[in-house]
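Here this note's numbering is used: the first residue of the sequence shown is 2, the next is one more, and so on.
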Amino acid sequence: MKKYLAEVLGTFGLVFAGTGAIVINDFSQGAITHVGIALTFGLIVMAMIYSVGDISGAHLNPAVTIGFWVAKRFPAKEIFPYILSQLIGAFLASGLLWFVFPEHPNLGATLPALTLAQVFVFELILTFFLMFVIINVSTGAKEKGLMAGVAIGATVALEALFAGPVTGASMNPARSIAPALVSGNLTGLWVYIVAPIIGAYLAILGCKGVQEECCCCTENEALCE
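As structure tokens, this is what we get:
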């Protein structure tokens, strides 16, 4: 149960700090700024990786969990408990933000500023590069190493910096589902669920295409059978 609790706490931290920065930025008339929001997301991801990476792998993201499974670094029987844990953490964070800021209209939900087709392409590509970085700097299904947290956190911040204004730069179904459902603002929610999963899947194919040796099965060869 410790790894599931680690995913709950890690995802709680991600959603509370990241979407909390959006809510507080609105509340304070832009005191945090877009750059500050992007850095908040990147820094909280980095902090959670170093905090719980050796316990659960610090997936914090259903698309990442599915990506590790596609790469045969993660057992199928663990997918549902991990995703459930991530959703619990995300909903706890959004619920707490709703309690503190009940007047906020969307609680930091990812809302499309482009057509849904454009947002779908953006989110797919953003998640592709995020998962591509994760799969190449992680060990097995563990996102932890001397520089893994820095590399992954920097990727999240980078993508949030340039894509945040048009898509919200979710790359994470749990991060999008919780504030959308708690606030009741479901605009384009399906895009933020489907696109990241497809992007993560394509990233594994990309890894196989560029690595001299398969990036899969590095933790447990039995998963390849």
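In this text, a Cβ means the ideal position worked out from N, Cα and C, and glycines have one as well. Please read these numbers as outputs of a predicted model, since none were measured by experiment.
C-beta contact flag for residue i and residue j at 9 Å
i           : j           : result
residue 81  : residue 75  : no
residue 168 : residue 134 : no
residue 92  : residue 179 : yes
residue 181 : residue 127 : no
residue 200 : residue 129 : yes
residue 51  : residue 66  : no
residue 152 : residue 138 : yes
residue 90  : residue 207 : no
Own chain residues within Cβ distance below 8 Å of residue i, not counting five before or after
i           : result
residue 53  : 7, 8, 10, 11 and 59
residue 34  : 26
residue 32  : 25 and 26
residue 28  : 102 and 105
residue 174 : 62, 63, 64, 193, 194, 197 and 198
Residue i, DSSP secondary structure in three states
i           : result
residue 177 : helix
residue 89  : helix
residue 28  : helix
residue 115 : coil
residue 188 : coil
residue 224 : At residue 224 the pLDDT is 41, less than 50, meaning the model places this residue with poor confidence; the figure from the coordinates comes in the next sentence. DSSP places residue 224 in helix when its eight states are reduced to three.
residue 2   : coil
residue 148 : coil
residue 132 : helix
residue 37  : helix
residue 56  : coil
residue 171 : coil
Same chain only: Cβ atoms within 6 Å of residue i, ignoring 5 sequence neighbours per side
i           : result
residue 196 : 121, 124 and 125
residue 186 : 107 and 110
residue 202 : 71
residue 114 : 167
Presumed contact (8 Å Cβ cut-off) between residue i and residue j, rounded CB distance
i          : j           : result
residue 47 : residue 165 : Not confirmed; about 17 Å, so no contact.
residue 95 : residue 16  : 6 Å
residue 36 : residue 99  : No, residue 36 and residue 99 are not in contact; Cβ-Cβ is about 26 Å, not under 8 Å.
Same chain, Cβ closer than 7 Å to residue i, five either side skipped, listed in chain order
i          : result
residue 42 : 19, 157, 158 and 161
residue 44 : 154
residue 4  : 56 and 57
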